[in-house]
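In the numbering used here, the protein residues as written are 67 to 241.
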C-alpha cells in the first residue's frame, strides 16, 4: 500500500518538470533543467519606482527540445556561466515585448545539475515566437470606428451642424 502512494508522489513531482518547448506564457512553479548557450552584454538600468540602479543581461538557455531567453539580474549574472547545466526550481514564465522568457523569481532556486545536456536544439527558439494576443473588441466598441468615437445615433445627430439644443427641443412634448 505504501509503495503505491510513493509511486503517485513521484509521478506528481515528475509531471512538474518541463522541457523548453513545452513552456507557455504565464506558467508558474516551473522546474526546468537547462544548459547555458550564451550570455549578452551587461546593461545598467534604473528602476521606474525607486530609481535604483540595476545590472541586467539576457542568457540564452536550452535543452534538447529548444532554447529560450533567461533574464539575469544583479547577483545572478555572476552565478550562471556559459556551457554549464543548471536546474531551475519554482521558476515562472512571462512575456517581455511579446516574447516568452523563463524567469527566476524570489522563491526560485538555481543549482548546478548533475545531469548533463549534451546538445542543445537551437532551431526551436521559443523567445523568437510572438506570443502576444490581439485584444478582442468589446461588443460596445465597433471595429470600424476610431478609438474613443462611437456612433450610436443617426447620422443627422452626429453631424456637427446639428446643435445640442435642437435635439432636446425636438423630443420635448408639446401639449
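C-beta atoms are modelled at their ideal positions from N, C-alpha and C, and glycine is treated no differently.
Asked                                                                                                                                                                                     : Found
Out of 126, 189 and 95, which has the shortest C-alpha to C-alpha gap to residue 143?                                                                                                     : 126
Just list the beta strand (DSSP E) runs in the segment 87-135, keeping only unbroken ones of 3 residues or longer that don't cross its boundaries, in chain order.                        : 96-105, 109-112 and 119-128
Based on DSSP bridge pairs, tell me the residues matched to residue 196.                                                                                                                  : 165
Might you give, ordered along the chain, the residues of its own chain that have their beta carbon closer than 8 Å to the beta carbon of residue 123, omitting 5 neighbours on each side? : 105, 106, 107, 108, 109, 137, 138 and 143
Ordered along the chain, which non-local residues of its own chain (more than five positions away) have a Cβ less than 7 Å from that of residue 113?                                      : 120
How about residue 166 and residue 193: are their beta carbons less than 8 Å apart?                                                                                                        : yes
From the DSSP secondary-structure annotation, give me the bridge partner or partners of residue 191.                                                                                      : 133
Quick one: grab the DSSP three-state call for residue 144.                                                                                                                                : helix
Which one or two residues does DSSP pair with residue 160 in a beta bridge?                                                                                                               : 167
Determine the extent of the beta strand (DSSP E) in which residue 176 is found, giving its start and end residues.                                                                        : 175-178
On the DSSP bridge assignment, give the partners of residue 155 in chain order.                                                                                                           : 175
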